[in-house]
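Residue 78 in my numbering is what sits at position 78 of the sequence shown, and the numbering runs on without skipping anything. From the three backbone atoms N, C-alpha and C, an ideal C-beta is built for every residue, glycine too. All figures in this text were calculated on a predicted structure; none of them were measured in a lab. The next block holds one structure in the form of structure tokens; read it before the comments.
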Amino acid sequence: MEKLKVGIVGAAGRPSAFLAAFKGSGRAVLTAACDLNQEALDKALKDVDGVDRYTDYTEMLEKGNLDAVIIGTPMHLHVSQSIEALKRDIHVFSEVTAAISIDECKSLLKACKSTQAQYMMGENCNYMKPYMLIQEMVREGVFGDVFYAEGEYIHDCRDLLYKTPWRREYVYEKRGVTYGTHSLGPILNWMEGDRVESVCCAGSGRHNRDLKGKEMAGDDVAVMLCKTVKGHLIKIRTDFASPHPYSLNFTLQGTNAAYEGSHFSKNQDDIDFIWINEESEKGRWDSLSKYEEKYTPKLWRDIDEKARTSGHGGSDVAIMTDFIDSLYEGRTVPIDIYKSLDMTLPGLVSQESILENGVWLPVPDPREW
Ligand SMILES: NC(=O)c1ccc[n+]([C@@H]2O[C@H](COP(=O)([O-])OP(=O)(O)OC[C@H]3O[C@@H](n4cnc5c(N)ncnc54)[C@H](O)[C@@H]3O)[C@@H](O)[C@H]2O)c1
């Protein structure tokens, strides 16, 4: 079978992290790239040959003869650009979040229902090695029944407000969980077959200013509680403005084991911990690395050493490899439209809950739309 021809939009920004996935792939080739900023595009592609360059997305879709497109533009463009590609039966890999409103989620689903192509949201945190390891352990029954999880994402990226001004409106100044899929994604993978049924959300108010001293609307901390269809509880905390070391962190509790993840800080003792009933010593965590040999999934074993240390702990290459492999082998993509919306919708509903004093609100099931 011929290699898949892939294009990238927003190529001068975030998607350049995926270039490493194409270097090692025998199944896909990057043939086109688009960015409004021609100079930045040329810079991003300076070491890449044989890629047609565009500054107009529609023109790339029309002339590029593409099988798939990677959308890495600002959040509010994801849905319109996905629909443009799906209408032409071009597969879509879209950056997070899938959409910025519930109406957009509906339009995206409608487009997915009337195309031959597949849609996947690129939630790369699902592909981080420790989280894939935990997923494998859950599947093997190590945790028993999982019933509680916490995910926190604390990332002071106020410096990006000047380079990427859209973040002010869509991530910072809206209330509620505006960028929650990094936290919810891995948790929903661990709670396989379940989805969030209702959420409530509260905020801390705003205490931090932007880096030029200007006041910002919104909250520094947003906390969302989620109840799942199976009655499980999830707590999500996001914070993009407080002085705090970067922290992507998870807790998972099952009837037989507990997981306390690292925070991805620079501290040497910041590691992933696990405790397993009748295996771990009472009162003492084990390092998750003890179980690496047994539970590392095949996807991770197969990607090469260099890619493992590339973007976001190797997860960018891992997710792109899985996307390409599933299209090439004619399988359903791993994060299909329904899973993508299951990760995106709770945050969108939390934005309504916070405006109504934290009332519990139902999260729609896109399978019923
Ligand atoms: N998954 C992750 O770990 C991760 C990390 C960072 C960013 N992101 C997501 O990636 C996306 C991009 O983030 P960013 O920080 O690179 O943003 P950005 O503002 O730098 O945008 C990326 C690029 O898109 C280009 N662009 C904007 N509008 C365009 C258009 N209409 N046509 C063609 N090109 C256009 C810009 O010129 C820019 O080079 C966002 O959705 C963000 O949420 C995800």
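Review point. When DSSP labels each residue in this structure, what does Cys226 get in the three-state scheme?
Key: On the sequence shown, residue 226 is found 226 positions in, with the first residue counted as 1. Of the three classes helix, strand and coil, the one that applies to Cys226 here is strand, per DSSP.
Review point. Ligand 1 heavy atoms versus the CB of Val317: any closer than 8 Å?
Key: Stepping through the sequence shown from its first residue, residue 317 is reached at position 317. Because no heavy atom of ligand 1 lies under 8 Å away, the Cβ of Val317 does not count as near it: no.
Exercise for review: Would you check if the distance between the CB atom of Lys212 and the CB atom of Leu225 is smaller than 9 Å?
Suggested key: The count along the sequence shown starts at 1 and reaches residue 212 at position 212. The count along the sequence shown starts at 1 and reaches residue 225 at position 225. Contact flag unset, no.
Review point. Got a sec, what are the start and stop residues for the alpha helix (DSSP H) Asp103 sits in?
Key: Indexing the sequence shown from 1 puts residue 103 at position 103. It spans 102-113 - the alpha helix (DSSP H) in which Asp103 sits, taken as one unbroken run.
Exercise for review: Using 8 Å as the cut-off, classify the Cβ of Val96 as near or not near the heavy atoms of ligand 1, replying yes or no.
Suggested key: To locate residue 96, count along the sequence shown from 1; it is residue 96. Yes; taking the cut-off as 8 Å, the Cβ of Val96 has a heavy atom of ligand 1 nearer than that.
Exercise for review: Check whether the Cβ atoms of Val171 and Thr178 sit closer than 9 Å, and answer yes or no.
Suggested key: Residue numbering aside, residue 171 sits at position 171 when the sequence shown is read from its first letter. Residue numbering aside, residue 178 sits at position 178 when the sequence shown is read from its first letter. Cβ atoms of Val171 and Thr178: closer than 9 Å.
Check your understanding: His91 bridges to which residues according to DSSP?
Key -> Along the sequence shown, one-based indexing puts residue 91 at 91. DSSP, once it has assigned bridges, lists Ala68 as partnering His91.
Review point. Can we count Lys141 as close to ligand 1, meaning its CB is less than 8 Å from some heavy atom?
Key: Walking along the sequence shown from the start, residue 141 turns up at place 141. Note on identity: in this sequence residue 141 is Gly, with Lys being the wrong assignment. Flag unset: Cβ of Gly141 not near ligand 1.
Review point. Excluding five sequence neighbours on each side, which residues of the same chain lie with their C-beta closer than 6 Å to the C-beta of Ala111?
Key: Here residue 111 is taken as the residue at index 111 of the sequence shown, counted from 1. Closer than 6 Å at the Cβ level, and outside the excluded window around Ala111, lie Ile83, Leu86.
Practice item. Kindly indicate the opening and closing residues of the beta strand (DSSP E) around Ala149. Key: Along the sequence shown, read from residue 1 onward, the residue named residue 149 stands at position 149. Its beta strand (DSSP E) spans residues 146-154.
Check your understanding: How about Asp335 and Gly122: are their beta carbons less than 9 Å apart?
Key -> Residue numbering aside, residue 335 sits at position 335 when the sequence shown is read from its first letter. Residue numbering aside, residue 122 sits at position 122 when the sequence shown is read from its first letter. Residue 335 is actually Ile in this sequence, not Asp. Their beta carbons are under 9 Å apart, which means Ile335 touches Gly122 by this criterion.
Review point. Is it the case that the Cβ atoms of Ala33 and Leu41 are separated by a distance below 9 Å?
Key: Your numbering for residue 33 matches position 33 in the sequence shown. Your numbering for residue 41 matches position 41 in the sequence shown. Yes, Cβ-Cβ distance for Ala33 and Leu41 is below 9 Å.
Practice item. Per DSSP, which residues does Lys235 bridge with? Please list them. Key: What you label residue 235 is simply residue 235 of the sequence shown in a count that begins at 1. Paired residue(s): Glu150, Leu225.
Point to revise | Per-residue DSSP class, three states only, for Val51 | key: Translated into the one-based positions of the sequence shown, residue 51 becomes position 51. Coil.
Point to revise | Any non-hydrogen atom of ligand 1 closer than 8 Å to Asn37 Cβ | key: Mapped onto the sequence shown, residue 37 falls at position 37. It does: the Cβ of Asn37 is within 8 Å (strictly closer) of some heavy atom of ligand 1.
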